[in-house]
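Participant:
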Amino acid sequence: RTEDRIDSRRNPTTVATVNTVVMIQGAMVRTVSYNGIVLLHDTINQRFYRAKNSGYEIYTVPYGAKVIELSTANPTNITLIH
C-alpha cells in the first residue's frame, strides 16, 4: 500500500480518477443557451448542467450572465457525473 502511494507520487498518470454519479429524479429543468453552449438549468437549485458522456456535469455560469431560454421547465430525471 505504501509502495503504491510512492509510485503514484512519482508517476501521477497512473492514479485512477474516480467519478461520482448522482441521480436526480423529478428535477425541474429548462434548456438554455449560454455563449452558444446548450445547458440544462435547474430552476429550483439554480444550477446549470452540461452534457458529458452519458450524463451531465455541473457547469459554472457567472451571476447575471445573459442566458437564452430554449424550452420551459419540465420535470426530468438526470444523471450527474462529478
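For what it's worth, UniProt numbering labels the leading residue of the sequence shown as 1, then goes sequentially.
Even for Gly, the Cβ is constructed at its ideal location relative to N, Cα and C.
Find the nearest neighbour of N74 within the set V21, Q25, P62, judged by alpha-carbon distance.
Facilitator: Nearest C-alpha to N74: Q25.
Participant: Starting from V32, trace the beta strand (DSSP E) both ways and give me its first and last residue.
Facilitator: Unbroken beta strand (DSSP E) run through V32: 21–34.
Participant: Short of 7 Å in beta carbon distance, which residues of its chain neighbour K66, apart from the five on each side in sequence? Order them along the chain.
Facilitator: None.
Participant: In its own chain, which residues sit with a C-beta less than 6 Å from the C-beta of I78, not counting the 5 before and 5 after it?
Facilitator: So the qualifying residues of the chain are I24, A27, Y56.
Participant: What do you reckon, are the CB atoms on L40 and Y49 nearer than 9 Å?
Facilitator: Yes, they are a contact pair.
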